[in-house]
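From first to last, the protein sequence lines stand for chains A, B, C and D. For the first sequence, position 8 matches number 26 in our numbering, and the numbering has no gaps at all. For the second sequence, position 41 matches number 59 in our numbering, and the numbering has no gaps at all. For the third sequence, position 128 matches number 146 in our numbering, and the numbering has no gaps at all. For the fourth sequence, position 126 matches number 144 in our numbering, and the numbering has no gaps at all. Think of the CB as a built atom: it goes at the ideal place given N, C-alpha and C, for glycine as much as any other residue. Since the structure is predicted, the reported quantities are computational estimates derived from the model, not experimental observations.
Protein chains: 4
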Amino acid sequence: MPVMTAEMLETFNREHFPQVDHLGLKVAHVDDETIEIRMTTRERHLRPGGTVSGPTMMELADAGMYLLLLAQIGPVALAVTTSLNINFLRKPEPGEMVAKGRLLKLGKTLAVGEFSLYAGDPDDPVAHVTATYAIPPKR
Amino acid sequence: MPVMTAEMLETFNREHFPQVDHLGLKVAHVDDETIEIRMTTRERHLRPGGTVSGPTMMELADAGMYLLLLAQIGPVALAVTTSLNINFLRKPEPGEMVAKGRLLKLGKTLAVGEFSLYAGDPDDPVAHVTATYAIPPKR
Amino acid sequence: MPVMTAEMLETFNREHFPQVDHLGLKVAHVDDETIEIRMTTRERHLRPGGTVSGPTMMELADAGMYLLLLAQIGPVALAVTTSLNINFLRKPEPGEMVAKGRLLKLGKTLAVGEFSLYAGDPDDPVAHVTATYAIPPKR
Amino acid sequence: MPVMTAEMLETFNREHFPQVDHLGLKVAHVDDETIEIRMTTRERHLRPGGTVSGPTMMELADAGMYLLLLAQIGPVALAVTTSLNINFLRKPEPGEMVAKGRLLKLGKTLAVGEFSLYAGDPDDPVAHVTATYAIPPKR
């Protein structure tokens, strides 16, 4: 069982990360291994031609990994990303974007997860991300 | 439906890639989106202390992605890896290693897939890989 | 010799990518293999504790790779990122951030580059990025 | 100044990693930030058509990063790779392959480096690698 619920994660995120407010993140689901978060893209998240920008998808996945980790270890504001790898797969249509994540490893000092991002089509992801977070000692 | 069966993939692999013979790859399953391959680690695949070497896992995942791609597009020997990202998650015990892959994208010029590698424990992967292959034109 | 100068790149960027205006990018140098771009971080680019956010660094490097590519092939608005890998190395102090990039490959369909990002200390990078762009056909 | 010389690194490598003997690694240079290693490709390192295999290049860069790290922290056999990202850039011709590495970060628990690999042409790399190693505590 995760130590933080979807509602606790949303509240923590709003209070500590005002800079991420523009994403309007919703935590649709979280358990001890997976998370699903959602956002609705706005003008500032788009590129010419109307597709969602790459940095928006990177920010969404990075936030998702952070919340998936916090759900397991509690509200440790100091966990930081050490690396992130993204593959862009298809043109993402504007509207609702869904990020589904899975914890691959939760160690003492490092946590690793993978995310598939969807926009519209629930079968074919628009991007895939793996991310590693460093967990501060004496948590 | 894939255009090549598990048996066809094994035969093609043996005939065209003698340098990969040392892996002794078995294709346990393949369909139009996923693949499962297996190998049994030998002395040359190990590191001091008896864990499986990183390069062995990279080679296994790279071969798995190649076979997953061939299963879809047929025996095109000239598809080449353009990038590969691996996260090592846990110490892999010697013995049977299983790689489970999923096609994330099959485009005209690029194919992207992800693999989870298992050794012993079927729940916790020892490594996770994303790989991109370039598909030669006029296939 | 690149086909677009630093000034042309800045103008093109401003006209076509209003969503990136918040970075306030300056192109300090560009040639046929390297680029140096700069930005001054603002409140919206920071995290609690005052460090620069990961997504800001990803966006900076992604924009840098795009401009380095455009400098070589001309104003092709349709080049798109296919993958990006970032390693976060040190806490980045707010203020001026510098991204120094190098083209590793300029092929017919793919371009690959690497970037080191600096904040304050000119010797020790705060992040390192490799990025791949797909180049649209018939450019 | 590194704590291990090129000769010490070669001796340590031979004694502790017999499985890497097939690479025939030579340490051409090492200092407190960079390393240059070389190998001569043999039949087992090649693919159909005569190019050097991807796994050979991954193994070369991984070994290079390990030696670059050991040169700084001494013969700690237990440092392990946590992640590796490779971009394949050009067809590598058989013969001598050179890997030039640079330490991006040497922290208490993680070290990050980048490598460019060359085969024949000294200007255009055939592959580029970033790799992260975990450093065991109480070194």
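Taking the alpha-carbon of residue 50 of chain D as reference, which of D:110, D:88, D:32 and D:151 has the nearest alpha-carbon? The residue labelled residue 50 of chain D in the question sits at position 32 within the fourth sequence. Among D:110, D:88, D:32 and D:151, the Cα nearest to that of residue 50 of chain D is on D:88.
Distance CB(residue 53 of chain C)-CB(residue 44 of chain C) smaller than 8 Å: Working through the third sequence from its first residue, we reach residue 53 of chain C at position 35. Working through the third sequence from its first residue, we reach residue 44 of chain C at position 26. Using a Cβ distance threshold of 8 Å, residue 53 of chain C and residue 44 of chain C do not count as a contacting pair.
Using Cβ-Cβ distances below 7 Å, what residues of the segment 103-120 of chain C are close to chain A? Within the segment 103-120 of chain C, 103, 104, 105 and 106 place their CB atoms closer than 7 Å to a CB of chain A, listed in sequence order.
Which of the three DSSP states is assigned to residue 96 of chain B in this structure? For the purposes of this step, residue 96 of chain B is identified with residue 78 of the second sequence, where counting begins at 1. Of the three classes helix, strand and coil, the one that applies to residue 96 of chain B here is coil, per DSSP.
Taking 6 Å as the limit between beta carbons, can you name the residues of its chain near residue 21 of chain C, skipping five residues before and five after? Here residue 21 of chain C is taken as the residue at index 3 of the third sequence, counted from 1. Taken in chain order, the residues that qualify are 92.
By Cβ distance below 6 Å, which residues in the same chain neighbour residue 146 of chain D in space, the five residues on each side in sequence not counted? For the purposes of this step, residue 146 of chain D is identified with residue 128 of the fourth sequence, where counting begins at 1. For residue 146 of chain D, same chain residues with a beta-carbon under 6 Å away, outside a window of 5 residues either side, are 105 and 134 in chain order.
Alpha-carbon spacing of residue 157 of chain A relative to residue 94 of chain A, whole angstroms: Taking the first residue of the first sequence as position 1, residue 157 of chain A is located at position 139. Taking the first residue of the first sequence as position 1, residue 94 of chain A is located at position 76. Only weak support exists for where residue 157 of chain A lies, its pLDDT of 46 falling under 50; the value from the coordinates is given anyway. Spanning the two alpha carbons is a distance of roughly 7 Å.
Between the segment 110-119 of chain C and the segment 68-75 of chain C, do three or more beta carbon pairs fall short of 8 Å? Yes, the segment 110-119 of chain C is in contact with the segment 68-75 of chain C.
Measure the alpha-carbon distance for residue 102 of chain B versus residue 114 of chain C and round it to whole angstroms. Taking the first residue of the second sequence as 1, we reach residue 102 of chain B at position 84. Taking the first residue of the third sequence as 1, we reach residue 114 of chain C at position 96. Those two C-alpha atoms are separated by around 33 Å.
Between residue 127 of chain B and residue 152 of chain B, is the Cβ-Cβ spacing less than 8 Å? Sequence index remark: in the second sequence, residue 127 of chain B carries index 109 (1-based). Sequence index remark: in the second sequence, residue 152 of chain B carries index 134 (1-based). Yes, the Cβ-Cβ distance between residue 127 of chain B and residue 152 of chain B is below 8 Å.
What are the residues in the segment 82-96 of chain C lying within 7 Å of chain B by C-beta distance? Contact residues of the segment 82-96 of chain C toward chain B are absent (C-beta to C-beta distance below 7 Å).
C-beta neighbour in chain B for residue 151 of chain C, strict 8 Å: If you number the third sequence from 1, residue 151 of chain C lands on position 133. Chain B places no beta carbon closer than 8 Å to that of residue 151 of chain C, leaving this residue out of the contacts.
Residue-level contact to chain D via CB, residue 29 of chain A, 8 Å cutoff: Counting from 1 along the first sequence, the entry for residue 29 of chain A is found at position 11. Interface residue (Cβ-Cβ distance to chain D less than 8 Å): residue 29 of chain A is not classified as such.
So, at 8 Å on beta carbons, what are the nonlocal neighbours of residue 79 of chain D in its own chain, with the 5 sequence-adjacent residues on each side left out? On the fourth sequence, position 61 is the one that residue 79 of chain D refers to. Cβ within range, chain order: 102, 104, 117, 119, 133, 135, 145, 147 and 149.
Between the segment 128-145 of chain B and chain C, which residues of the former have a C-beta closer than 8 Å to a C-beta of the latter? The residues in question are 128.
Per-residue DSSP class, three states only, for residue 38 of chain D: Position 20 of the fourth sequence, counting from 1, holds the residue named residue 38 of chain D. Reduced to three states, the DSSP call for residue 38 of chain D is helix.
Compute the Euclidean distance between the alpha carbons of residue 25 of chain A and residue 85 of chain A, then round it to the nearest angstrom. The residue labelled residue 25 of chain A in the question sits at position 7 within the first sequence. The residue labelled residue 85 of chain A in the question sits at position 67 within the first sequence. In a straight line, the C-alpha of residue 25 of chain A is about 11 Å away from that of residue 85 of chain A.
Go ahead and pull the three-state DSSP assignment for residue 21 of chain C. As a working mapping, residue 21 of chain C is identified with position 3 in the third sequence. Three-state DSSP puts residue 21 of chain C in coil, outside helix and strand.
In chain order, what are the residue ranges of uninterrupted beta strand (DSSP E) at least 3 long that sit wholly in the segment 56-125 of chain C? Runs of the beta strand (DSSP E) inside the segment 56-125 of chain C: 98-106 and 114-124.
DSSP state of residue 127 of chain C mapped onto helix, strand, coil: Residue 127 of chain C sits at position 109 when you count from the first residue of the third sequence. Per DSSP, reduced to three states, the secondary structure at residue 127 of chain C is coil, with no helix or strand assignment.
Which stretch, first to last residue, makes up the beta strand (DSSP E) that contains residue 45 of chain A? Counting from one through the first sequence, the residue named residue 45 of chain A turns up at place 27. Counted as a single uninterrupted DSSP element, the beta strand (DSSP E) harbouring residue 45 of chain A occupies residues 44-48.
Applying the 10 Å Cβ sphere with the 16-neighbour rule, what's the burial state of residue 19 of chain A? Within the first sequence, residue 19 of chain A is the residue found at index 1, counting from 1. Result: exposed.
Excluding the 5 residues flanking residue 28 of chain A on each side, which residues of the same chain have their C-beta closer than 6 Å to its C-beta? The residue you call residue 28 of chain A lines up with position 10 of the first sequence. Only residues of its own chain outside the window of five on either side were considered, and among them 45 have a CB closer than 6 Å to the CB of residue 28 of chain A, listed in chain order.
Bridge partners of residue 147 of chain A, per DSSP? In the first sequence, counting from the first residue as 1, residue 147 of chain A sits at position 129. Among the bridge pairs identified by DSSP, residue 147 of chain A is matched with A:104 and A:133.
Does any residue of chain A have a CB that is nearer than 8 Å to the CB of residue 101 of chain D? Translated into positions along the fourth sequence, residue 101 of chain D becomes position 83. By this cut-off, residue 101 of chain D is an interface position.
Report buried or exposed for residue 62 of chain A, applying the criterion of at least 16 other Cβ atoms within 10 angstroms of its Cβ. As a first step, residue 62 of chain A is located in the first sequence; it is residue number 44 there, counting from the start. With a threshold of 16 other beta carbon atoms within 10 Å, residue 62 of chain A falls short and is exposed.
What is the rounded straight-line gap between the Cα of residue 42 of chain B and the Cα of residue 58 of chain D? Counting from one through the second sequence, the residue named residue 42 of chain B turns up at place 24. Counting from one through the fourth sequence, the residue named residue 58 of chain D turns up at place 40. Linking residue 42 of chain B to residue 58 of chain D through their CA atoms gives a straight-line distance of about 25 Å.
Answer yes or no: do residue 143 of chain C and residue 121 of chain D have a C-beta to C-beta separation smaller than 8 Å? Residue 143 of chain C sits at position 125 when you count from the first residue of the third sequence. Residue 121 of chain D sits at position 103 when you count from the first residue of the fourth sequence. Contact check for residue 143 of chain C against residue 121 of chain D fails: the beta carbons are separated by 8 Å or more.
With a 10 Å radius around its C-beta and 16 neighbouring C-beta atoms as the bar for buried, classify residue 32 of chain D as buried or exposed. As a working mapping, residue 32 of chain D is identified with position 14 in the fourth sequence. Its Cβ having fewer than 16 others within 10 Å, residue 32 of chain D is exposed.
Evaluate residue 23 of chain B with the Cβ neighbour count: other Cβ atoms within 10 Å of its Cβ, from every protein chain shown; 16 or more gives buried, anything less gives exposed. Counted from its first residue, the second sequence places residue 23 of chain B at position 5. Exposed, since its Cβ has fewer than 16 Cβ neighbours within 10 Å.
For my contact list, residue 15 of chain C and residue 37 of chain A are in at a C-beta cut-off of 8 Å; report their separation, rounded to the angstrom. An answer regarding residue 15 of chain C cannot be provided, because it is not within the stretch 19 to 157 covered by chain C.
From residue 90 of chain A to residue 130 of chain A, what distance separates their C-alpha atoms? The residue you call residue 90 of chain A lines up with position 72 of the first sequence. The residue you call residue 130 of chain A lines up with position 112 of the first sequence. Using only the alpha carbons, I get a separation of about 13 Å.
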